[in-house]
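Just so we're aligned: the sequence shown equals residues 987 to 1376 in the numbering used here. What follows is a short report on a single structure.
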Amino acid sequence: MPATAPAMRMVPCGRMAGRHLLPELAMVAVWLLPLGALGAAGVRLQIAVASSWRNAGARLQMRRAYAACWPHLAQQQHEVEQLFFMGSPDGTGVAEADMIQESRRFGDVVVLSGPDSEPLTPAGPDAHLRVGRAPGSGALRAARALEWLMLHRPDFEYVAHVSDDTFVHFPGLIGQIVSHANLSLALGTLAEAVPLTVEGEEASQQCETCPQNPHHEQFCLTRINKVPGGIDFRGCLVLARRCCPEDGEGGGVCDQLETCVQDGQRPGLMANLYYGTAVSPRWLRGPAWVLGRGPAEFIGANAKDLKVRGTPDMTLAFWLAALEDIHFAALPPGAVLKLPNATIAEACSGGMVFALGMDERRWGAWFDAERCELRCGEASAERASMEGKK
987 MPATAPAMRM VPCGRMAGRH LLPELAMVAV WLLPLGALGA AGVRLQIAVA SSWRNAGARL
1047 QMRRAYAACW PHLAQQQHEV EQLFFMGSPD GTGVAEADMI QESRRFGDVV VLSGPDSEPL
1107 TPAGPDAHLR VGRAPGSGAL RAARALEWLM LHRPDFEYVA HVSDDTFVHF PGLIGQIVSH
1167 ANLSLALGTL AEAVPLTVEG EEASQQCETC PQNPHHEQFC LTRINKVPGG IDFRGCLVLA
1227 RRCCPEDGEG GGVCDQLETC VQDGQRPGLM ANLYYGTAVS PRWLRGPAWV LGRGPAEFIG
1287 ANAKDLKVRG TPDMTLAFWL AALEDIHFAA LPPGAVLKLP NATIAEACSG GMVFALGMDE
1347 RRWGAWFDAE RCELRCGEAS AERASMEGKK
């Protein structure tokens, strides 16, 4: 930290939900700006990081970035705190001594109830339909984190939620928040309403007038009349073609079409029943999003009663749907970088706010602590080398 770094004080987290696991973990450190440093122009922002106990290395890298970026924030009179919200360590294999050591050294860990992590969410167009039998760790932790912040950081204005593999460009993030300046803000990768039906998005792109396999058409007409919900006619055609491809496409289980489509329809039925609708609200896709005080306060106050068995981003959509006058805003193109699929040009764009999928190698090679930014890929390495020769 710089010579003018803020003082640090320890504050209690309060009773840990579910159990009194480790008293040491009930303390967090708060970096306080020097007295008088905060003014009317400053933003009071909480960074809520959903982290797994096994990802100690990722937390170290995020702490390094936070410490390096602090001077840039202090100069602009912003108050930013980064906390790691953890689930129960049961079954993680992480030693209790290591947890205590991390807590005492950094003081930025908050332990909440719920599992440490959940099974990988299926990829593909139907991923948002997943509904579990038990609360999902992602949705549960997001709601409980906002509840905790309402109790222990009641003066915040905005909350940014990220996963522990994320680089946050703090100046860019605050710039986006300031540009909207709305305490009802819901900012992120904005997605419009989607059908809560199997292959809903893919089916909506199908040609309505093109000839279809007559066997598939008759099958789907019968199917949707017999078992309504969870799938529409065009979605059924998509599944039927996947289960029983046309001649020359190879594969398929044409003799088991009913069973195959029934299995494919199940996620849509579960989502319809759970959410009580066939269409989602507008939603923020992915783990990186920002809420203003208004929606964050609503979620925190109702955390114990909200739906938490779906995917984190879809459950968030239904939480926000209950509120009037939410100011939905989309991050600009290039603001969310998804690694490792991004190109070098995208990685080096000046408008990046979140980089998802960071690992130890990328942190070590790309993070420029002096400038509080990523210098990604070979192009950035070459540019840095050229600047060093000047």
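All C-beta atoms in this analysis are idealised placements derived from N, C-alpha and C, irrespective of residue type, glycine included. Predicted model only: the values in this text are computed from it and were never measured.
Spatial distance of residue i from residue j (CA atoms)
i	j	result
K1290	V1239	44 angstroms
M1048	R1252	39 angstroms
L1126	D1150	16 angstroms
F958	H1166	As displayed, the chain neither begins before 987 nor continues past 1376, which places residue 958 out of reach and without an answer.
T984	Q1198	Any question about residue 984 goes unanswered here, given that the chain covers just 987 to 1376.
L1007	K1293	Its pLDDT being 37, under 50, L1007 is placed unreliably in this model, and the value from its coordinates should be taken loosely. Near 26 angstroms, if we compare the C-alpha coordinates of K1293 and L1007.
A1172	P1121	23 angstroms
R1040	V1080	7 angstroms
I1160	N1168	13 angstroms
E1283	E1133	8 angstroms
R1361	V1154	13 angstroms
H1058	V1247	55 angstroms
V1213	L1207	10 angstroms
E1067	L1259	39 angstroms
A1177	A1083	43 angstroms
L1031	L1306	20 angstroms
S1038	D1094	14 angstroms
G1158	Q1204	54 angstroms
F1142	N1211	51 angstroms
V1339	R1209	46 angstroms
L1225	C1196	17 angstroms
I1312	C1229	41 angstroms
P1075	E1232	50 angstroms
D1218	F1156	43 angstroms
H1147	L1270	11 angstroms
For residue i, three-class secondary structure by DSSP
i	result
M1256	helix
R1090	helix
P1009	Residue confidence is low: P1009 scores 34 on pLDDT, short of 50, so the model does not pin down where it sits. No coordinate-derived value is stated.
G1343	coil
S1103	coil
D1241	helix
T1175	strand
D1354	strand
L1098	coil
S1123	helix
C1362	coil
Option nearest residue i by Cα separation, candidates the options
i	options	result
V1265	A1054, V1164, V1180	V1180
M1300	A1282, R1268, E1283	R1268
W1275	A1034, I1210, V1164, V1029	A1034
L1115	D1141, L1243, L1317, A1257	A1257
G1028	G1337, I1163, Y1260, M1344	I1163
V1117	V1339, P1298, E1346, G1320	P1298
L1069	P1075, Y1052, D1076, G1158	Y1052
G1262	C1358, F1304, G1043, V1224	F1304
F1071	G1043, G1320, A1113, A1131	A1131
R1091	A1113, C1055, R1045, A1054	R1045
D1345	T1152, G1337, A1128	T1152
C-beta neighbour in chain B for residue i, strict 7 angstroms
i	result
G1278	No chain B appears in the structure shown, which is made up of a single protein chain.
Presumed contact (8 angstroms Cβ cut-off) between residue i and residue j, rounded CB distance
i	j	result
N1136	A1287	The sequence given here has Met at residue 1136, not Asn. M1136 to A1287, Cβ: 7 angstroms. Contact.
L1325	A1351	About 12 angstroms; that fails the 8 angstroms criterion.
L1182	G1254	6 angstroms
R1227	H1201	11 angstroms between Cβ atoms; not a contact.
L1277	V1145	5 angstroms
E1104	G1124	7 angstroms
A1355	A1054	4 angstroms
Check whether the segment 1052-1068 touches the segment 1084-1091, taking contact to mean three or more Cβ pairs, one atom from each stretch, closer than 8 angstroms. no
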